[in-house]
Every structure is written in C-alpha cells, then in structure tokens.
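> Quick note, the sequences are listed as chains H and L, same order. Start counting at 1 in the first sequence, then tack on 14, and there's your number in this note's numbering. Start counting at 1 in the second sequence, then tack on 1046, and there's your number in this note's numbering.
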Amino acid sequence: MRAIEPWVGQPLNRFVEESAARVVLLMTSSGQVIAQHGFTRSLDVMSAAALGAGIVASTGELGALLGGENFGALVHQGQDQGVYLAPFTLSAGPWIGLVVYGAETSLGLVQFFFGQLVSELVEATPTTARPKAVLADDFEDELDASLRALFGE
Amino acid sequence: MTRDHDVLEPLVRIPGVRAALLVAEDDGLVVSEASMTDVDTAAIAALSSSLWGKLRKTSVASGHRPPQLLQLRADHGALLVAGLERELLGVAVTGDTGNTGLVRLALLALQRDGVR
C-alpha cells in the first residue's frame, strides 16, 4: 500500500486486510491519486484513476438528468472479479474509491468494510487539509514526488 | 410484502428474534429482511455469509459434508445461519431472551420446505 497523504495509510491498510480486496485506489473526484494498493505500474494506476473518475462523473450527470439525485456506489460484477466504485465526501473534498475484488471475498464484505473505511477517513482527515491548486508553480516537482510516494520510483 | 419476506414471518414471530434475513451466499448481500431498527442487517449479511463460506470450506476440507446449520452463541444473543436452496442463506439474530431452539426448527423447516 502506498499513499500520498500519510493519514490515509492506516485506515486503508485495515480495509485491505479485512476486505481481502485485490486492488484499491483512492482518488479525488478529478482523478488525482491519493493512495493505491495492488498496482505495480504507474501507467495502470493513472489510467484507472482517470477512468474511475470519468465513470463517477458520467453517472453523476446521468443521475442529474434522471431526477437530480446522485447515484451511490456502482458495481460491475465479472466472471472472476468485480469492481466497486464509490464516491464519498471528506472535509478535504469529494473523493472516489475504486476496489477490485475476487472470489476470495464478497461484494457484501467489500461494501461493509468500505463503509468503515470512509468513516475512519472522515475521522482521520486533518482539519487543516485544504485542496491545493492543480496547476501550481511546482506542479512537476509535486507530480514526481507523488509518483515516488505511490510507486517508490 | 414480497414472497421472500413472507418466508421470514415464522422466524420473526419467535420471541427474542431481533432480525431474520435471506442472504445471497456468494455476494453476502441482503435479499430480504425483517428486523428491529437498530440492527445493521447489511453487516450481518456480509459477515455471516463470509463465516458460512469459511465453515463450509473447513467442513469439506476435513472430509465432512457441507454444514446444515451454524449456531454462534455470544454474550447477549446468538447468530444462526442455515444453507437454503437457490444459493441463499437463512440468517437469524436473537437477543438474550431468544428461543434458539425454535429458531433452529424454523430454519431447518425453511431448509426442508424451500423459500418458494
């Protein structure tokens, strides 16, 4: 497990242990990766984050078209594994969790422990945490630092 | 009230039963439920189906047939789980005063008669 925000580490580790999820990605609603577990390549994680954020944005717009209500979690169940994609809100802003799980666990367990993860993140969010400008002057340095934090490269 | 919900009626009528659920065995999701308001049925469904899966694997790995009924006694009540047809589980949660004997009988009747 690797995280850009250190306070995310403990709750996420607990979630991975308890839910037996194969892959977990926490990101902001714009697709900026906050933490990941199970990915080995930076390209994969960036693509998954962008696609996950895109799906949540699309379903949000669909919800607005169909009556103004946001959808909750989205589940795609495959033959060998499933994807659980859920938006949630912290004081730091709207985040998204993407969880890939297999036959060693169940959707019910993933859903249950994800709820606990969100509660723990709400508790753990530093009160001083403020979202940074996406295109700050030191954008490239921050991007490199984030990739090092996520992949140890 | 759905037909599946009707199936739970004999369970919830037993004194001391705090929740009765039909749970999808593979997903651990609630299919139908009848419960007191303070019972987290989604959590019970997820955790009891996981427990049932582990028990079944252990039972088969040790050369026995799959389990029929699981009864977990706790400080202030009990959890009872029975494997049903259509890959469903019948789950009941009792409080301190719950009559687990009657709950077992009701779950076994559900197992025998089916949920249709």
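Think of the CB as a built atom: it goes at the ideal place given N, C-alpha and C, for glycine as much as any other residue.
Mind checking if leucine 1075(L) is an interface residue toward chain H, Cβ cutoff 8 Å exclusive?
With 8 Å as the cut-off, leucine 1075(L) counts as an interface residue toward chain H.
> Smallest Cα separation from tryptophan 109(H): which of Gly52(H), Gly122(H), Leu99(H) and Glu32(H)?
Per the Cα distances, Leu99(H).
> Between the C-alpha atoms of alanine 1066(L) and methionine 60(H), what's the straight-line distance to the nearest angstrom?
Answer to the nearest angstrom: the Cα atoms are 44 Å apart.
> Pull the bridge partners of glycine 116(H) from the DSSP assignment, please.
Glycine 116(H) pairs with Gln95(H).
> Which residues of chain H have a Cβ atom closer than 8 Å to the Cβ of aspartate 1072(L), listed in chain order?
Simply Ser120.
> Would serine 1078(L) count as contacting chain H if we go by Cβ distances under 8 Å?
For serine 1078(L), the answer is no, since every Cβ of chain H falls outside 8 Å of its Cβ.
> Beta-carbon within less than 6 Å of aspartate 1086(L)'s beta-carbon, same chain only, minus the 5 sequence neighbours each way: which residues are those?
So no residue of the chain qualifies.
> What first and last residue would you give for the alpha helix (DSSP H) that runs through arginine 1158(L)?
That run of the alpha helix (DSSP H) goes 1146 to 1159.
> Just list the residues that DSSP pairs arginine 16(H) with in beta bridges.
Arginine 16(H) is bridged to Gln50(H).
> For a cutoff of 8 Å on Cβ pairs, would you count serine 1095(L) as touching chain H?
Serine 1095(L) counts as touching chain H.
> At a cut of 8 Å, does the region 118 to 125 of chain H reach the region 67 to 75 of chain H through at least three beta carbon pairs?
Contact fails: fewer than three Cβ-Cβ distances are below 8 Å.
> Please say whether leucine 1135(L) and serine 1095(L) have beta carbons closer to each other than 8 Å?
Yes, Cβ-Cβ distance for serine 1095(L) and leucine 1135(L) is below 8 Å.
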